[in-house]
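Some notes on the structure that comes next.
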Amino acid sequence: MTKRKVICGVQQVGIGVRNVEESWAWYKDVFGFDIKLFGDVGVAERMLPYTGGKPQPRYAILVLNLRGGGGFEVWEPRERELNYIQFTPEFGDYGIFACKVKSRDVRAAYEEMKKKGVNILTTPCANPAGKEHFFVLDPWNNLFDIESDDYCFYNEDKNTGGNNGATLGVSDMEKSIKFYGSIMDYDKVEYDVTDVFEDLQGVPGGNYKLRRVMLTRSKPIEGPLSEVMGTSHIELVQRITEEGVPAPRKLYEGRLWGDPGFIHLCFDIRNMEEIRKAASALGHEFVCDGGRDFKMGEANGHFTYVEDPDGTLIEFVETFKIPILKKLGIYLHLENRDDTKPLPSWILKCLRFMKSK
Numbered sequence: 002m003t004k005r006k007v008i009c010g011v012q013q014v015g016i017g018v019r020n021v022e023e024s025w026a027w028y029k030d031v032f033g034f035d036i037k038l039f040g041d042v043g044v045a046e047r048m049l050p051y052t053g054g055k056p057q058p059r060y061a062i063l064v065l066n067l068r069g070g071g072g073f074e075v076w077e078p079r080e081r082e083l084n085y086i087q088f089t090p091e092f093g094d095y096g097i098f099a100c101k102v103k104s105r106d107v108r109a110a111y112e113e114m115k116k117k118g119v120n121i122l123t124t125p126c127a128n129p130a131g132k133e134h135f136f137v138l139d140p141w142n143n144l145f146d147i148e149s150d151d152y153c154f155y156n157e158d159k160n161t162g163g164n165n166g167a168t169l170g171v172s173d174m175e176k177s178i179k180f181y182g183s184i185m186d187y188d189k190v191e192y193d194v195t196d197v198f199e200d201l202q203g204v205p206g207g208n209y210k211l212r213r214v215m216l217t218r219s220k221p222i223e224g225p226l227s228e229v230m231g232t233s234h235i236e237l238v239q240r241i242t243e244e245g246v247p248a249p250r251k252l253y254e255g256r257l258w259g260d261p262g263f264i265h266l267c268f269d270i271r272n273m274e275e276i277r278k279a280a281s282a283l284g285h286e287f288v289c290d291g292g293r294d295f296k297m298g299e300a301n302g303h304f305t306y307v308e309d310p311d312g313t314l315i316e317f318v319e320t321f322k323i324p325i326l327k328k329l330g331i332y333l334h335l336e337n338r339d340d341t342k343p344l345p346s347w348i349l350k351c352l353r354f355m356k357s358k
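Residues 2 to 358 (my numbering) make up the sequence shown, in order.
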């Protein structure tokens, strides 16, 4: 049978931090990311174009919220000084501007976060698709978009779920729509609106005239781990540079991968060679290829990266093995399974036994 590319969903957003445990404690308390799939102290040896040309010691963990959605790969560089962004990111700046988080009840999530003293930038308000959302900053000035989403994998008593995609600043909307539609199959335009938006007031750059395009997938979710990750979307934002409006800046200009901020957007996939062909056909060659022998803690797989039209790093991971009941030494091997069929829910729900208190 001929292999085809399978995009299972958004696996995770990478977040560069100064201290993994400190950041995870906050993401666990505020967003409910209490499942640690793996943790690994090691050296990033296969990202040399983005780590200053030399291997970079690091500590990384992958954490999930089992209500459903992608995870966070929380990534701490070690043995070097961190290079923090020197300006306040604004809508339309190039790169990953905000990480989206699912919420079954936006108003309840808003009230809960308010009680916890979270830095909330906006009140719940409808986006152009009519879905309520609001923005918060974590203690390290990373922006999160808490948005209404009914998807549920494992019904836990939480007002927030997992990662729901990302908001990215772009310079050429048509190129970016083609890139994310052709390679990642986010091919359905949910909305395409140019305006000054009420729901963005209170967020830096929210007062600018912007073109916002929300991309979703026309295909139903598929792939072994797809039911954990669920649905997701990508919001592309292009700043309209009128008189008096500053030109957009690159969020990682002059900084290394792993420096504080959103370092990449990662998609869980099957059949890496087919992904390579799709990316190459658009002129986007793999810029890093970790090979099929890459291990990250108790998990292993094949990772690669491409740059989107503005240089934002997009990761693809073909997962071969993950822990499912780590204390009992039980692992899930995915190499010889159906590439499109979701794994039985009862197997993946065993991840709840890896919950951190």
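For glycine and all other residues, C-beta sits at the position ideal for the given N, C-alpha and C.
Any non-hydrogen atom of the ligand FAD closer than 7 Å to residue i Cβ
i: PHE39; result: Looking for the ligand FAD in the displayed structure turns up nothing, as the structure carries no ligands at all.
Inter-residue spacing [alpha-carbon to alpha-carbon] between residue i and residue j
i: GLU274; j: ASP146; result: 33 Å
i: VAL21; j: PHE34; result: 13 Å
i: PHE198; j: GLY206; result: 10 Å
i: THR195; j: ARG213; result: 6 Å
i: GLY17; j: ALA61; result: 9 Å
i: PHE98; j: ALA167; result: 8 Å
i: TYR152; j: GLN12; result: 15 Å
i: ARG240; j: GLY93; result: 5 Å
i: SER233; j: CYS267; result: 12 Å
i: LEU63; j: MET215; result: 26 Å
Option in the options with minimal Cα separation from residue i
i: PRO125; options: GLY69, GLY203, VAL190; result: GLY203
i: TYR85; options: PRO310, GLY262, SER172, SER104; result: GLY262
i: LYS358; options: LYS29, VAL14, VAL11; result: LYS29
i: GLY231; options: GLY70, LEU49, ALA130; result: GLY70
i: GLY312; options: VAL288, VAL107, GLY302; result: VAL288
Paired residues, beta bridge with residue i - DSSP
i: TYR332; result: PRO324
i: CYS126; result: HIS134
i: GLU308; result: LEU314
i: ALA61; result: ASP41, TRP76
i: HIS303; result: GLU319
Start-to-end residues for the beta strand (DSSP E) that takes in residue i
i: ALA99; result: 96-104
i: GLU175; result: Not the beta strand (DSSP E): GLU175 falls in the alpha helix (DSSP H), residues 174-183.
i: VAL246; result: Premise fails: VAL246 is in no beta strand (DSSP E) and is neither H nor E.
i: GLY196; result: Just to set this straight, residue 196 is Asp in the shown sequence, not Gly. Start and end: 189-196.
i: VAL11; result: 7-17
i: GLU112; result: GLU112 -> not in any beta strand (DSSP E); alpha helix (DSSP H) instead, spanning 107-116.
i: LYS37; result: 36-45
Residue i: first and last residue of the uninterrupted alpha helix (DSSP H) it sits in
i: TYR209; result: Per DSSP, TYR209 belongs to no alpha helix (DSSP H) and is neither H nor E.
i: ILE348; result: 346-349
i: PHE73; result: Note, PHE73: premise wrong, no alpha helix (DSSP H); beta strand (DSSP E) at 72-78.
i: PHE32; result: 21-32
i: VAL229; result: 227-230
i: ARG271; result: That residue, ARG271, is in no alpha helix (DSSP H); its beta strand (DSSP E) goes 262-271.
Assumed close pair residue i, residue j - CB separation to whole angstroms, cut-off 8 Å
i: PRO343; j: GLY224; result: 7 Å
i: PHE317; j: ILE264; result: Their Cβ separation, rounded to whole angstroms, is 15 Å, which puts PHE317 and ILE264 out of contact at 8 Å.
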